[in-house]
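Enquirer:
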Amino acid sequence: MRRARRVVLGAGGAVVLLAALDAYVVVTVLIDIAEDVGIPLNHLERATPIVTGFLLGYVAAMPLLGQLSDRYGRRPLIHACLAAFALGSVLTALASGEVMVVAGRAVQGVAGGALLPITMALIGDLWDERERPVALGAVGAAQELGSALGPLYGGVLALIPSTVVAGVELGGWHAIFWINLPLAALAAVAVHLTVPGRPLRPPQAGSAGTSHVTTGAAGARTLPARRVDVAGGGLLALALGLLVVGLYNPDPAKAVLPPWGLPVIAAGVLVAVVFVWWEIRSPVRLLDLSGARKGPLLATLAVSFLAGAALLVTMVFVQFTAQTLLGADALGASLVLARFLAALTVGALLGGLLARRVGDRAVAVAGMVLAAAGYWLMSRWPLDLVSAGLLMDLHLVVAGLGLGLVIAPVSSAVLRVSPATEHGVASAAVVVARMMGMLIGIAAVSAWGFYRFQSLTAHLDTPLPFGVDAATYQRQLSAYTAKVQEALHVEYTEMFLVTAFICVIGAGVALLMPSAARAR
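Listed below in structure tokens is the structure:
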């Protein structure tokens, strides 16, 4: 039985890793994709839906499709999600315009977002309460590994030379998505051979002789189909969609928000309030944490939300900084970001060790303060980044260590304030909060940053090679490029300063987390 469960855990962890890799892989090649689908570099705000489209689908689908797996079984839903993930990958790889690439990423997000809660629910089916945290930790590690390896994974695959077969481009950034087809197929075979096909629950003591319940793989038992909170899922998706649309400004030259921004954001907030009202009163909930202590739970999820916002802003705009100010290619930029991601991983390990000794709250507060210091140092980067040398690396390491320290205490605190029967849902809630922070954070911070860039370059006239000699044109072009570089530098450093403030707020909220040093 133990060996069978390990095989199931390996298959589930593999599909979670596949989805997590694609959640972050696009940050490496975002500029390359933008150029290929016709987005000019001075209007990169039009590329943000490539990121937010995936995250919106990921967050909106995660709790609802997890519930559907209770009704129809884990294996059928995982197969459906892998098929949809492959379809989204094909749409993205074939995209020749903005709409198609965003649509492909959104389909990928919907499919990828469902794989984590379904896998966590599968662990709840097959592991008893005493052994379950270890299995949940393994799945969580696969999720975090995807976030750490995703950008580097994308940078390596993007090096595949351009290859056209039957008019279809297979190399470059396209290879990142084409390779998902054989990977999804292999994952589907593994799931089919190892994962039970019916909704299951773990065996209880003394139940071996029960005859009226059908047994599945690893001795698990089938449950009656549960109701699904379709209304709650729809309200959550609508609220997040309205907030993202309200924050997306395709023409940030005149204002931070588009003309429809404030009323759409207000509508999103209103729908979010209705969603909370519904979840309080509905007998069937997307994330039922009714047994948890509400104050500490909400504070801990808020810290996860703010850490997620800081994390994705870093992953996107450090990549932009390296490619535009350092002149690095996709792989070179991902290697710059790798300093931050390596420190993030080390910080996550240290956070778990320290939290056992001094408590979740103290480590989370310290991590957010350290991250704020790192981002403040990053906001002081000089225009000539080459001259920054090791200081740039050091600042990235400080920020990464700080955010990494927060990961384990947040997960531990949520489990501690939740009853054992809700640990799977509580673990999913941490991920949902972090992904929501990524979604709203990147939309809001990039809206400000792109507005600043447009306002700083509004007075610049692009030089043209007409009516002037070649030498004069080159001087004009060099001067224009230098001013654009200065504007980009101001944009990026101000965004890192905003991220430092986000971490300061996170440190304040972390003071409200539960303080016990050990989980029950």
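Residue numbers for the sequence shown follow this note's numbering, beginning at 1029 and rising by one. Using N, Cα and C, we set each Cβ at its ideal position, and we do this for glycine too. The structure presented is a predicted model; accordingly, all values stated were derived computationally and were not measured.
1. Return the first residue and the last residue of the alpha helix (DSSP H) that Arg1074 is part of.
2. To the nearest whole angstrom, what separates the beta carbons of Val1462 and Ala1335, a pair I think is in contact under 8 Å?
3. Which stretch, first to last residue, makes up the alpha helix (DSSP H) that contains Asp1060?
4. How would you write the range of the alpha helix (DSSP H) that Gly1495 sits in, first residue to last?
5. Is Val1518 near Leu1467, with beta carbons less than 8 Å apart?
6. Taking C-alpha atoms, which residue in Leu1084, Thr1147, Gly1534 lies nearest to Ala1327?
7. Run through DSSP, which three-state label would Val1192 get?
8. Tell me whether Phe1529 counts as near the ligand SAM, meaning its Cβ is closer than 7 Å to at least one heavy atom of that ligand.
9. Which word fits Gly1323, buried or exposed, when buried means at least 16 other C-beta atoms lie within 10 angstroms of its C-beta?
10. Thinking C-beta only, is His1423 closer than 8 Å to Gly1402?
11. Relative to the alpha-carbon of Leu1084, which residue among Thr1500, Lys1511, Met1464, Gly1387 has its alpha-carbon at the smallest distance?
12. Since I believe Ala1475 is in contact with Leu1275 (beta carbons under 8 Å), could you give me their beta-carbon distance rounded to a whole number of angstroms?
13. Which residue from Lys1511, Leu1382, Val1458 puts its Cα closest to that of Gln1482?
14. Does the structure place the segment 1266 to 1280 close enough to the segment 1291 to 1307 that three or more beta carbon pairs sit under 8 Å?
15. Could you tell me the distance, in whole angstroms, from the CA atom of Val1284 to the CA atom of Ile1293?
16. Keeping to the same chain, check which residues put their C-beta closer than 7 Å to that of Leu1185; ignore five residues upstream and five downstream.
17. Along the chain, where does the alpha helix (DSSP H) containing Gly1274 start, and where does it finish?
18. Whole angstroms is fine: what's the gap from Ala1507's alpha carbon to His1071's?
19. Measure the C-alpha to C-alpha separation of Ser1097 and Leu1143 and round it to an integer number of angstroms.
20. Within 8 Å, do at least three Cβ pairs link the segment 1428 to 1443 to the segment 1368 to 1381?
21. Go ahead and pull the three-state DSSP assignment for Leu1046.
22. Under DSSP, the alpha helix (DSSP H) around Gly1360 begins and ends at which residues?
23. The alpha helix (DSSP H) with Asp1421 in it runs from where to where?
24. Please state whether the Cβ-Cβ distance between Ala1215 and Leu1046 is less than 8 Å.
25. Which residue's Cα is closest to the Cα of Ala1486: Ser1439, Pro1280, Pro1286?
26. Ala1528 to Ala1471, Cα distance in whole Å?
27. Using the beta-carbon count (16 or more within 10 Å), is Ala1194 buried or exposed?
28. Please report the residue range of the alpha helix (DSSP H) in which Leu1340 lies.
29. Buried or exposed, going by whether 16 or more other CB atoms sit within 10 Å of the CB of Ile1019?
30. Residues bridged to Glu1197 by DSSP?
31. Can you give me the start and stop residues for the alpha helix (DSSP H) that Ser1117 sits inside?
32. For Pro1291, does the three-state DSSP call read helix, strand or coil?
33. Taking the continuous alpha helix (DSSP H) assigned at Val1217, which residues delimit it?
34. Mind checking whether Val1219 and Arg1103 have CB atoms under 8 Å apart?
35. For a test of the three-state rule: what should DSSP assign to Leu1467, helix, strand or coil?
36. Identify, in the order they occur along the chain, each residue of the same chain with its Cβ nearer than 7 Å to the Cβ of Val1035, setting aside the five sequence neighbours on each side.
Expert: Inspection of the coordinates gives the following:
1. Taking the first residue of the sequence shown as 1, we reach residue 1074 at position 46. Element bounds for Arg1074: n/a, residue is neither H nor E.
2. As a first step, residue 1462 must be located in the sequence shown, where it is residue number 434. As a first step, residue 1335 must be located in the sequence shown, where it is residue number 307. A small correction: the amino acid at residue 1462 is Arg; Val does not occupy that position in the sequence shown. About 6 Å separates the two Cβ atoms, so the contact holds.
3. Residue numbering aside, residue 1060 sits at position 32 when the sequence shown is read from its first letter. Start and end: 1054 to 1064.
4. What you label residue 1495 is simply residue 467 of the sequence shown in a count that begins at 1. It is not in any alpha helix (DSSP H) - Gly1495 carries neither H nor E in the DSSP assignment.
5. In the sequence shown, residue 1518 corresponds to position 490, counting from 1. In the sequence shown, residue 1467 corresponds to position 439, counting from 1. Cβ distance not < 8 Å, so Val1518 and Leu1467 don't count as in contact.
6. Looking up residue 1327 in the sequence shown gives position 299. Here the closest residue by C-alpha is Gly1534.
7. In the sequence shown, counting from the first residue as 1, residue 1192 sits at position 164. Reduced to three states, the DSSP call for Val1192 is strand.
8. As for the ligand SAM, it is missing from this structure, which has no ligand bound.
9. Stepping through the sequence shown from its first residue, residue 1323 is reached at position 295. When all chains shown are included, Gly1323 counts as exposed.
10. Start at 1 with the first residue of the sequence shown, and residue 1402 comes out as number 374. Start at 1 with the first residue of the sequence shown, and residue 1423 comes out as number 395. Closer than 8 Å, so yes.
11. In the sequence shown, the residue the question calls residue 1084 occupies position 56. Nearest option by C-alpha distance: Met1464.
12. The count along the sequence shown starts at 1 and reaches residue 1275 at position 247. The count along the sequence shown starts at 1 and reaches residue 1475 at position 447. Right, the Cβ-Cβ distance comes to about 5 Å (below 8 Å), so this counts as a contact.
13. Reading the sequence shown from its first residue, position 454 is the one you call residue 1482. Put simply, of Lys1511, Leu1382, Val1458 the residue whose alpha carbon is nearest the alpha carbon of Gln1482 is Lys1511.
14. The way I'd put it, the segment 1291 to 1307 does touch the segment 1266 to 1280; three or more beta-carbon pairs between them come closer than 8 Å.
15. For this step, residue 1284 is matched to residue 256 along the sequence shown. For this step, residue 1293 is matched to residue 265 along the sequence shown. In this structure, the straight-line span from the alpha carbon of Val1284 to that of Ile1293 is close to 13 Å.
16. Walking along the sequence shown from the start, residue 1185 turns up at place 157. Correct list, in chain order: Ala1203, Ile1204, Ile1207.
17. Taking the first residue of the sequence shown as position 1, residue 1274 is located at position 246. First-last of the alpha helix (DSSP H) with Gly1274: 1258 to 1275.
18. Translated into the one-based positions of the sequence shown, residue 1507 becomes position 479. Translated into the one-based positions of the sequence shown, residue 1071 becomes position 43. When rounded, the distance between both Cα atoms is 20 Å.
19. For the purposes of this step, residue 1097 is taken as residue 69 along the sequence shown, with counting starting at 1. For the purposes of this step, residue 1143 is taken as residue 115 along the sequence shown, with counting starting at 1. Ser1097 and Leu1143: Cα-Cα distance of roughly 10 Å.
20. Contact holds: three or more Cβ-Cβ distances are below 8 Å.
21. Position 18 of the sequence shown, counting from 1, holds the residue named residue 1046. Here Leu1046 sits in helix by DSSP.
22. In the sequence shown, residue 1360 corresponds to position 332, counting from 1. Where Gly1360 is concerned, the enclosing alpha helix (DSSP H) stretches over 1358 to 1386.
23. Counting from one through the sequence shown, the residue named residue 1421 turns up at place 393. First-last of the alpha helix (DSSP H) with Asp1421: 1418 to 1444.
24. For the purposes of this step, residue 1215 is identified with residue 187 of the sequence shown, where counting begins at 1. For the purposes of this step, residue 1046 is identified with residue 18 of the sequence shown, where counting begins at 1. Yes, Cβ-Cβ distance for Ala1215 and Leu1046 is below 8 Å.
25. Along the sequence shown, read from residue 1 onward, the residue named residue 1486 stands at position 458. Residue nearest to Ala1486 within the set Ser1439, Pro1280, Pro1286 is Pro1280 (criterion: CA-CA distance).
26. Within the sequence shown, numbered from 1, the residue matching residue 1528 stands at position 500. Within the sequence shown, numbered from 1, the residue matching residue 1471 stands at position 443. Their backbone Cα atoms lie some 17 Å apart in a straight line.
27. In the sequence shown, residue 1194 corresponds to position 166, counting from 1. Classification for Ala1194: exposed.
28. The count along the sequence shown starts at 1 and reaches residue 1340 at position 312. Where Leu1340 is concerned, the enclosing alpha helix (DSSP H) starts and stops at 1322 to 1352.
29. Any answer about residue 1019 is impossible in this case: the structure gives the chain only from 1029 up to 1548.
30. Indexing the sequence shown from 1 puts residue 1197 at position 169. For Glu1197, which the question treats as bridged, DSSP gives the partners Val1192.
31. Here residue 1117 refers to the residue found at position 89 of the sequence shown. Unbroken alpha helix (DSSP H) run through Ser1117: 1102 to 1122.
32. Sequence index remark: in the sequence shown, residue 1291 carries index 263 (1-based). Helix at Pro1291.
33. For the purposes of this step, residue 1217 is identified with residue 189 of the sequence shown, where counting begins at 1. Counting along the chain, the alpha helix (DSSP H) containing Val1217 begins and ends at 1208 to 1222.
34. As a first step, residue 1219 must be located in the sequence shown, where it is residue number 191. As a first step, residue 1103 must be located in the sequence shown, where it is residue number 75. Cβ atoms of Val1219 and Arg1103: closer than 8 Å.
35. Position 439 of the sequence shown, counted from the first residue, corresponds to residue 1467. Looking at Leu1467 - three-state DSSP - the assignment turns out to be helix.
36. Position 7 of the sequence shown, counting from 1, holds the residue named residue 1035. If we look at Val1035 and ignore the five residues flanking it on each side, its Cβ neighbours are Thr1222.
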